[in-house]
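Chemist: Just so we're aligned, residue -4 is where the sequence shown starts under this note's numbering, counting upward by one.
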Amino acid sequence: MKCDEARMALSASIDGDAALSGAAAAHLETCPKCRVWEERAHVLARAALRPAEVAAPAPASLPRGFSRSRWLRIVLAWGGLLLIVWNVSAIVAPGGDPSAVHLARHQAAFSAALGLTYLVVAWRPD
-4 MKCDEARMAL SASIDGDAAL SGAAAAHLET CPKCRVWEER AHVLARAALR
46 PAEVAAPAPA SLPRGFSRSR WLRIVLAWGG LLLIVWNVSA IVAPGGDPSA
96 VHLARHQAAF SAALGLTYLV VAWRPD
């Protein structure tokens, strides 16, 4: 049996997909490189089963009573309000060239709708 075939059989055995055949076991006894490969594969399999270590988040220097998400919600609401205020005037303003006014109104309506979306997300983030 070749090393590639034996390693494929070993991999399937480690994953629990198939039992190790007699030929692969015999190859493992005679091939030191495949034994090293098997040991490393077992180490990797055990490492994959361990839960990942999660570092604790660094403490934020925010004012008392404010969390990071609250600041983000305030900024998002402020940005949404600004988008609405800046673009409502472009929606209702009279203009000269009808095609330019039409395009400007579409762009302003989209920006105002985006601002409204920001306000809704800031109000109800879930």
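Every residue, glycine too, gets a C-beta built ideally from N, C-alpha and C.
Nothing here was measured: the structure is a model prediction, and the numbers come from that model.
#1: Could you work out which residue in 16, 12 and 79 is closest to residue 1 when comparing CA atoms only?
#2: Exposed or buried, what is residue 24 when buried is set at 16 or more other beta-carbons lying within 10 Å of its beta-carbon?
#3: Three-state secondary structure (DSSP) at residue 121?
#4: Could you say which of 5, 104, 75 and 113 lies nearest to residue 33 if we only look at CA atoms?
#5: Less than 8 angstroms between the C-beta atoms of residue 75 and residue 117, yes or no?
#6: Would you report the Cα separation of residue 96 and residue 71, rounded to the nearest angstrom?
#7: Provide the residue span of the alpha helix (DSSP H) that contains residue 23, from first to last.
#8: Whose C-alpha, out of 14, 29, 13 and 10, is nearest the C-alpha of residue -4?
#9: Comparing C-alpha positions only, which one of 67, 12, 8 and 79 sits nearest to residue 102?
#10: Compute the Euclidean distance between the alpha carbons of residue 11 and residue 27, then round it to the nearest angstrom.
#11: Return the CA-CA distance between residue 67 and residue 114, expressed in angstroms with no decimal places.
Modeler: The short version:
#1: 16
#2: exposed
#3: coil
#4: 5
#5: yes
#6: 29 angstroms
#7: 17 to 25
#8: 29
#9: 79
#10: 23 angstroms
#11: 12 angstroms
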